[in-house]
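A.B. asks:
In the numbering used here, the protein residues as written are 112 to 488.
Following this line, the structure appears as structure tokens:
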């Protein structure tokens, strides 16, 4: 296992961080953890050199922290650092923040949390956390030794990321980043900004929810033609670890073989490891994915709100994503929300308001029907 510097903190952690959001295997469904299997996987990772474990209060119907706590008995807690998170929707004042942290400590069977994160914030959520006194609470808990480092995980535009990162003395940040997200959310600009500030970066969605693990035919052809043979998973992780600003890359594993494969990959990666030819390969792979785009919708939302409630950019986003990654659109979270909210194209009356507002001059009315036919057919 390679170990990497955590920026200004003066500590090291494993390049592979085990994400504890996706454990499953119980017959009753994905949201129910097969505890014994999960504990075995966690300990297998630690025995292989993993020192960074990431969970959250809400993961797996609020059971992930409990199972992690059980896995860290028998001396395993002393070998690792734990990251967990405070969700905005469960706290409204200091008393509730204290109660939630104490509950997490109890579930994790520990007297302190190493990396404590404000969960999934953007600028609006950061302003909310400030309004209820979360920064002061985090400072107080750090002084009391209940947390070691003040952190946040981020989902939002770069402008929000830049503001939040400069608005407080953060110890660590967790962002979504992979070779397809270089200009999405915090993106490469955000990664480099954190690096300049000495703030270590932990990466989530390095495989884009698993979508980069199984390359479509035109992408796989590029991998196959390259002189060095690696799996899409290894290429994705290798590209991430090439960045010196990255402290840890999170990966969720459901099988021992996945743990072992990650241990192998992260024993061979370090900053600057990618050659010029390998970096060009990833640029070509990115272009090959983008070539699969169905429609040039940028998600600007000038077409919204639709007077009849159709989620136009949401439908196009699912259409593009399922085409890019050769994925089932019916399994896409965005599609599930569109169906749940009834924001489907059958509500369209062809009024044309969306097409008049679209800066891309897309034929939205016809393309909506084509998208829906392909995805639901």
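Ideal Cβ positions, reconstructed from N, Cα and C, are used throughout, including at glycine. Quick caveat, the model's predicted, so the values are computed rather than measured.
Spell out a yes or no on whether the segment 231-245 and the segment 265-274 are touching, meaning 3 or more CB-CB pairs, one atom from each, closer than 8 angstroms.
C.D. replies: yes
A.B. asks: Say whether the segment 321-331 touches the segment 295-303, bearing in mind that this needs 3 or more beta-carbon pairs closer than 8 angstroms, one atom from each stretch.
C.D. replies: The answer is no - the segment 295-303 does not touch the segment 321-331, with fewer than three Cβ pairs under 8 angstroms.
A.B. asks: In the DSSP assignment, find the unbroken alpha helix (DSSP H) run with residue 448 in it and report its ends.
C.D. replies: DSSP places residue 448 inside the alpha helix (DSSP H), whose first and last residues are 444-452.
A.B. asks: For the beta strand (DSSP E) holding residue 195, just list the boundary residues, first then last.
C.D. replies: 192-197
A.B. asks: What distance in whole Å lies between the Cβ atoms of residue 291 and residue 133, which are believed to be in contact at a cut-off of 8 angstroms?
C.D. replies: No, residue 133 and residue 291 are not in contact; Cβ-Cβ is about 19 angstroms, not under 8 angstroms.
A.B. asks: Let me check understanding here. Comparing Cα to Cα, which of 363, 449 and 150 lies closest to residue 178?
C.D. replies: 150
A.B. asks: Tell me the DSSP bridge mates of residue 116?
C.D. replies: 123
A.B. asks: In the DSSP assignment, find the alpha helix (DSSP H) that holds residue 165 and state where it starts and stops.
C.D. replies: Residue 165 -> not in any alpha helix (DSSP H); beta strand (DSSP E) instead, spanning 163-165.
A.B. asks: Between which two residues does the beta strand (DSSP E) holding residue 480 run?
C.D. replies: Looking at the DSSP string, residue 480 is not in any beta strand (DSSP E); the run it does join, the alpha helix (DSSP H), is 475-487.
A.B. asks: To the nearest angstrom, report how far apart residue 427 and residue 131 are at their CA atoms.
C.D. replies: 31 angstroms
A.B. asks: Look at the Cβ atom of residue 176, then the Cβ atom of residue 219, and state whether they are nearer than 8 angstroms.
C.D. replies: yes
A.B. asks: Tell me the DSSP bridge mates of residue 171?
C.D. replies: Paired residues: none, contrary to the question.
A.B. asks: So, at 7 angstroms on beta carbons, what are the nonlocal neighbours of residue 293 in its own chain, with the 5 sequence-adjacent residues on each side left out?
C.D. replies: 299
A.B. asks: Between which residues of its own chain and residue 113 is the CB-CB distance below 8 angstroms, once the five residues before and five after are set aside?
C.D. replies: 125, 126, 352, 377, 378, 379, 380 and 381
A.B. asks: Excluding the five sequence neighbours on either side, which residues of its own chain have a C-beta within less than 6 angstroms of the C-beta of residue 153, listed in chain order?
C.D. replies: Closer than 6 angstroms at the Cβ level, and outside the excluded window around residue 153, lie 182.
A.B. asks: Can you find at least 3 beta carbon pairs, one from the segment 302-321 and one from the segment 266-285, that sit closer than 8 angstroms?
C.D. replies: yes
A.B. asks: Taking 8 angstroms as the threshold, find out whether the segment 469-483 comes into contact with the segment 440-456 through three or more Cβ pairs.
C.D. replies: yes
A.B. asks: What first and last residue would you give for the alpha helix (DSSP H) that runs through residue 310?
C.D. replies: Run containing residue 310: none; DSSP gives neither H nor E here.
A.B. asks: Since residue 160 and residue 361 are thought to touch, with beta carbons under 8 angstroms apart, how far apart are those beta carbons, to the nearest angstrom?
C.D. replies: Rounded, the Cβ-Cβ distance is 15 angstroms, inconsistent with contact.
A.B. asks: Can we count residue 122 as close to the ligand ATP, meaning its CB is less than 7 angstroms from some heavy atom?
C.D. replies: Although the ligand ATP was asked about, the structure shown includes no ligands whatsoever.
A.B. asks: Excluding five sequence neighbours on each side, which residues of the same chain lie with their C-beta closer than 7 angstroms to the C-beta of residue 443?
C.D. replies: 429, 432 and 433
A.B. asks: Check each candidate in 277, 449 and 192 and name the one with the smallest Cα separation from residue 222.
C.D. replies: 192
A.B. asks: Quick check: what's the CA-CA separation for residue 273 versus residue 488?
C.D. replies: 42 angstroms
A.B. asks: Taking only the alpha-carbon atoms, compute the straight-line gap between residue 158 and residue 190 and give it to the nearest angstrom.
C.D. replies: 9 angstroms
A.B. asks: Can you tell me which residues form a DSSP beta bridge with residue 284?
C.D. replies: According to DSSP, residue pairing for residue 284 in a beta bridge involves 263 and 312.
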